[in-house]
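With the numbering used here applied, the sequence shown has no gaps in its numbers, which climb one by one up to 1440 at the end. Structure first, commentary second.
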Amino acid sequence: MAGYDQYDINIGQPDRIVPRDRMFGVRERINASGEVIEALDEASLALAIGRLLDDGVESVAVCLLHSYQNPIHEQRVRERLGELAPGLPVSLSAEVSPEVREFDRLCTTVCNAYIKPLMASYLGELETALAGRGFECPLFVITSGGGITTPETAMRFPIRLVESGPSGGAILAARVAAQRDIADVLSFDMGGTTAKVCLIEDARPRSSRSFEIDRADRYLKGSGIPARIPVIEMIEIGAGGGSIATVDPLGRLRVGPNSASSVPGPACYGRGGVAPTVTDSDLVAGYLDPADFAEGRLELRPELARAAIAGAIAGPLDTTVTAGADGISKTVDEAMANAARIHAVEQGKNLGQCTMIAFGGNGALHATRVAEKLGIGEIIVPPSPGVGSAVGFLHAPVAYEIVRSRHVRVDSFPFDEINRLLRNLEQEARAVVAAGAPGERLEVRRIAFMRYAGQGHEIEVGIPDGDISEHSLPTLAGRFESEYARLFVRAVPSMWIEIMNWSVTVSNRVPPAHVIVDGGESRQVAATDHRELCIGTTGEHIRAGIFERGRLRPGDAIGGPALIVEPQTTTFVSAAFTARVDAAGNIVMTRRESRPGSTAGAVPRHSTIDLQVMWDRLMAVVEEQSQVLMRTAFSPIVRECGDISAGIFDLQGRMLAQAVTGTPGHVNTMAASVSKMLPYFPMDTMRPGDVYMTNDPWIGSGHLNDVVMFAPIFHRDKPVAFTACTSHLYDLGGLGMGPDGSDVFEEGLSLPPMKLVDNGEVNLLVMDIMKANSRSPVANEGDLYALIACCDVAAARLDEMLGEFGADDIEPLAAHILDASRRATEAAIALIPDGDYENELMTDGYDFEIKLKARMTVSGNRIVTDFSGTSGHSARGINVPIKYTEAYAVFALRCLIGAGIPNNAGSLGPFRFEAPRDCILNAQFPAPVAMRHCIGQMVADLMLGCLHGAMPGTAPAEGATCLYDLPLRSIAAIQPGGGNSAFATELCHSGGMGARPALDGLSATAYPSGLWGTPVEIAESTAPLYIRRRELIRDSGGPGRFRGGLGQMIELESSEGAPILLLAGVERTKYPARGRDGGHEGAPGRITLRSGPTLNGKGEQLIPAGDLLYWEAPGGGGYGEPSERDPLAVARDVQLGLVSPQAATEIYGVVFAGNGSLDEAATAERRRQIVRGAA
């Protein structure tokens, strides 16, 4: 959960809602099919309940593995709680969020339990207060899914109210869409702090089942607590009137996510705010009337706005205040347009065919400018747009949605079971809705969440009316394939289809909207006043008419540029639009075929601000690529863990932008891949729709299992750029994903650079070869199609971007990106004292222990690292091609040197690396390299040690570093009929991160690889495995003033009682993570069997039938002397089970009294003893 910003070593996590000492396990087990394989142990349940009641808890959350398949054990827990603690609120995960993925389900249930007592009290008091004032009408509560529900349901599932406020705006937009009979709508809600966009289809907002609560960084996906609840699908970004504008170290103008809020507010409020905001830029440009803001309650001060922009924006950018204000507007408008594009792409929508409905305090003011960027031709501003969400609440239906996980394959569909499930869901939902809408006619909507077998992300498909039958099932499958092709360019041929979840929504029928017939003649109306707008980098003035909305009548027409003012907001009609008032009082703005005269406020093409805006767009394109790749991938290590990369390159093969999502091993090796592949394919032979690929370890990311694809991008029939992407395919034959090969030929199928897609046509022969050489042929084929979709989306988006900006190519943009990034990186390096900084560390190795050595030379604005002195190459597959070595070396450097500078050829240019041929960090063909990550990832700690010498007090201690992934597969000699299902899987797990200079290390966190862990329920659903235990290992984090992150224990076995092959490839079993500045080392990793043997950290090894694997990942090193750690922090660690009482006393010097409280006097004495002993 901490992988949302890999380069931030001080990354945080949301605070725990439930501390570890209030979480209890009970003995029981249900498997992925819902079968009880271990009955609920009543004794362990009674013990857990007793401890909860002793602590005086006010609410309980219950989440047991695979309860979404069978809730019997959770129901029994509730029954016992009811017997022992009548009236205690209990939330069951099988009811709150009955979907696969235990962590998400647990978090959702915990949040529900946390809110439950509060919501019950609040709604109870509200009902009493309303009754006391004579209200006899029923009370309803709005939900995050856009419906209203009864207080009883809200008190049972209060988590469904978490994001209820913004849903009102989407409901309003849906109502206006129905009024005007519009099929496709983009809802645009811009307020003072944020902007939200939402797609509306056929008068129904798009829905989702995922949301994040309490993000560590509000606008960074992945930084919050996941919640799986029905929610209206929308994107929120930090772009509102109060969003603060700054100039970053690269000289780029940034807007948001920080906000001035209402206090102190924008600079122009005159309340002490000094930072320029969007409102300040709008005021300077003339869009706002300083004397009539907020209905005249606040007089704005233009001179303060101009001063703020001059100091923070115009000065650093060496431009005028007018140009600075225009840049703020352009930047925030581009950010909002990018959010809309990402949202549309995820839903497979063409925004050019949508109507925008704008509201919120600032939505109507920015709508035409955002619409122009999106190619939208019609905008509607409804009455009272400033309070649009509140108006929307009045149109919400009484509704209730229920979701159940039940995995089925379309080719073996259990008709009776699924039809019975759907009927039961409908009956349950009808009962809830009928309580709030008695006697009313109800509507039912049924959804199947479908995917190709083996993928990890589903898409919604409407279920035909009536029972599903052999006649209607092909219709359902056909709808899925059509929707898939719409979202991801092409369907995957001959691939099995599966359904993971089923949803039934029941709602009452809201009175239909009166459809407006927008006829009659339009009449131009005269402006009541005029105002000069000063926009563009040249400061050109245009004269805009002022119109009071309260005086406008249906049929009134206005030509842009114009400002339509009303109490809560202002609507700007740009010169590209005309406006007309319809019969319902909506302002309907329509884009002109061509603008009258020249474009007012136009800026010179390729101005600095234009290039910055285009750079932002490019970053949005590559992030969109990464999301498409993960959503369409089949391998769990890709779709669940993010083992990918994606980027855009210029025609010389220089990387211009890369996705934040991905792992450094892919990201930084891919930077060199395109230039290496270009010589194989002459430019004049390339055509639109071509895609090339290779898995050559010395061209791609270091081993055969990673496939690199690249494709030319065309604009106006000529190549302008390239895109590339990489992902991990688990099995390509040979010895497989293990270190036992003696050369690269034994490690699997090798694919030289080749064309996979020719002018849009996939080479099926290559696909067949890939499938024929894999133990996971279906997943391999699917993952290749996912990579193709990733290339397709980049080609389409870059072509659209160049067309919008009127650019023929990306050369000026490339020059700007590379120059700005290079200069910023050089400036960051120049702050480091010149000199040589050395470090070395020992690793376990395979056939021999390995020494890694580095000498980092800082000279001016360059850094050269020499790996001379490093051990020679191994006879086994742990050797590292130099580009993979460089990938993790430069990652570590970039974490502390210019961490905020995007990765591209410019920012990577000042770093150079040298390594002797045939040393283990510069493996030469045909050395075996399958497990190159074992040693390659250790290079990050090696470089951080050098940086510790160059930049004291900045580098974290050593961590587990090497990913503790679990490659497992069946034994080929045992046939599936013999009780052993054929499978090959790779489960991602990780040890502890090293302590930071001012923070503890994160536990069970993949650093530096950045991969996410594989959920237990996903692992058991995709392979015949049974994971008995997964927990943090007490005392495994290295002691220090700041403690290292803890490692974790995994216990697993075959669910079929069959033998399993383990292809181990991990480090830190002999040489644990070292502490820094007096911090102690973390615990080493360990691999053992229940039967007794200790296994090697590397190599193919057998887990015998019936045996149990104990997989212990190492802890991170500590930072600073343990005796300097805050005693209260040590006491808390002991309370939470992270540190033992013995270690607290012996190592940290913290002593506890007989009652468990901190003994301050004894602690002080013990710490004096430790210091004397050290001396």
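Quick reminder that beta carbons are idealized off the backbone N, C-alpha and C, glycines included. Since this is a predicted model, take the numbers as computed values, not measurements.
Going by DSSP, what residues sit across from cysteine 990 in a beta bridge? Ala911 and Met974
Going by beta-carbon coordinates alone, are arginine 1261 and proline 1221 separated by less than 7 Å? yes
Just to confirm, is the Cβ distance from proline 336 to alanine 359 under 7 Å? yes
Output needed for glycine 1137: all residues of its chain with C-beta closer than 7 Å, excluding positions within five of it in sequence on either side, in chain order. Asp1183, Cys1184 and Ile1185
Glutamine 877 - containing alpha helix (DSSP H), residue span: 873-897
At the level of alpha carbons, what is the spacing between aspartate 1372 and histidine 608? 48 Å
CB contact flag (leucine 798, isoleucine 811, <7 Å): no
Using 10 angstroms around the beta-carbon of glycine 252, count the other beta-carbons present and answer buried if the total reaches 16, otherwise exposed. Not covered by the structure: residue 252. The range shown for the chain is 266 to 1440.
Just mark glycine 930 as buried or exposed, buried being the case when its beta carbon has 16 or more other beta carbons within 10 Å. buried
Leaving out five residues before and five after histidine 331 in sequence, what residues of the same chain have Cβ atoms less than 7 Å from its Cβ? Ile295, Asn296, Ala297, Gly299 and Glu1282
Within 10 angstroms of its Cβ, does cysteine 1199 collect 16 or more other Cβ (buried), or is it exposed? buried
Write down every uninterrupted run of the alpha helix (DSSP H) in the region 510-559 whose length is 4 residues or greater and which is fully enclosed by it, in chain order. 543-550
Residues in the same chain with beta-carbon distance under 8 Å from valine 697, minus the five sequence neighbours each way, listed in chain order, please. Thr414, Thr415, Thr418, Tyr665 and Val771
Following the continuous alpha helix (DSSP H) through alanine 1418, name the residue where it begins and the one where it ends. Neither: alanine 1418 is in no alpha helix (DSSP H) and is coded neither H nor E.
Using 10 angstroms around the beta-carbon of serine 1356, count the other beta-carbons present and answer buried if the total reaches 16, otherwise exposed. exposed
Under the three-state DSSP convention, the category isoleucine 1166 falls into: coil
Give the secondary structure of methionine 621 by DSSP, where H, G and I count as helix, E and B as strand, and everything else as coil. strand
Considering only C-alpha positions, which residue in the set Asp557, Ile478, Val985 and Leu312 is nearest to alanine 1079? Val985
Here's a check: name, in chain order, each residue in its chain whose Cβ is nearer than 7 Å to the Cβ of arginine 808, leaving out the five neighbours to either side. His795 and Glu797
Near alanine 1039, which residues of its chain fall below 7 Å by C-beta distance, leaving aside the five closest residues on each side in sequence? Here residue 1039 is serine; the residue named in the question, alanine, does not match the sequence. Around serine 1039: Asp996, Leu997, Gly998 and Asn1045.
Does the structure place the region 395-402 close enough to the region 357-371 that three or more beta carbon pairs sit under 8 Å? no
Going by Cα to Cα distance, which pick from Ala629, Glu637 and Ala655 is closest to valine 646? Ala629
Going straight from the alpha carbon of alanine 572 to that of aspartate 513, what length do you get? 19 Å
Give the secondary structure of valine 868 by DSSP, where H, G and I count as helix, E and B as strand, and everything else as coil. Note on valine 868: pLDDT 38, under 50, position unreliable in the model; the coordinate value appears next. It is coil, neither helix nor strand.
Going by DSSP, what residue range makes up the beta strand (DSSP E) through threonine 770? 762-773
Measure the alpha-carbon distance for glycine 1302 versus arginine 1294 and round it to whole angstroms. 19 Å
Reducing DSSP to helix, strand and coil, say where proline 1241 ends up. At proline 1241, the pLDDT of 48 sits below 50, so the modelled position is not reliable; the number obtained from the coordinates is stated separately. It is helical.
Would you mind reading off the limits of the alpha helix (DSSP H) that contains histidine 931? 929-942
Report the residue from Pro1304, Ile1352 and Glu501 whose alpha carbon sits nearest the alpha carbon of aspartate 1342. Pro1304
Let me check understanding here. Comparing Cα to Cα, which of Glu367, Pro1369 and Ile712 lies closest to isoleucine 1236? Pro1369
Let's see if you can read the secondary structure: which residues bound the beta strand (DSSP E) around histidine 806? 805-813
Sequence ranges, beta strand (DSSP E) only - wholly within the region 1321-1396, length at least 3: 1325-1330, 1351-1354, 1363-1368 and 1374-1377
Touch check for the region 1025-1041 and the region 1385-1395: three-plus C-beta pairs under 8 Å? no
I'd like to know if the region 1090-1103 and the region 1117-1129 are in contact, where contact means that at least 3 CB-CB pairs between them fall below 8 Å. yes
Quick check: the region 1188-1198 against the region 999-1011, are at least 3 beta-carbon pairs closer than 8 Å? yes
Quick check on the burial criterion: 16 or more other C-beta atoms within 10 angstroms. Buried or exposed for asparagine 476? The residue you asked about is not asparagine; residue 476 is phenylalanine in the sequence shown. Its Cβ being crowded by 16 or more others within 10 Å, phenylalanine 476 is buried.
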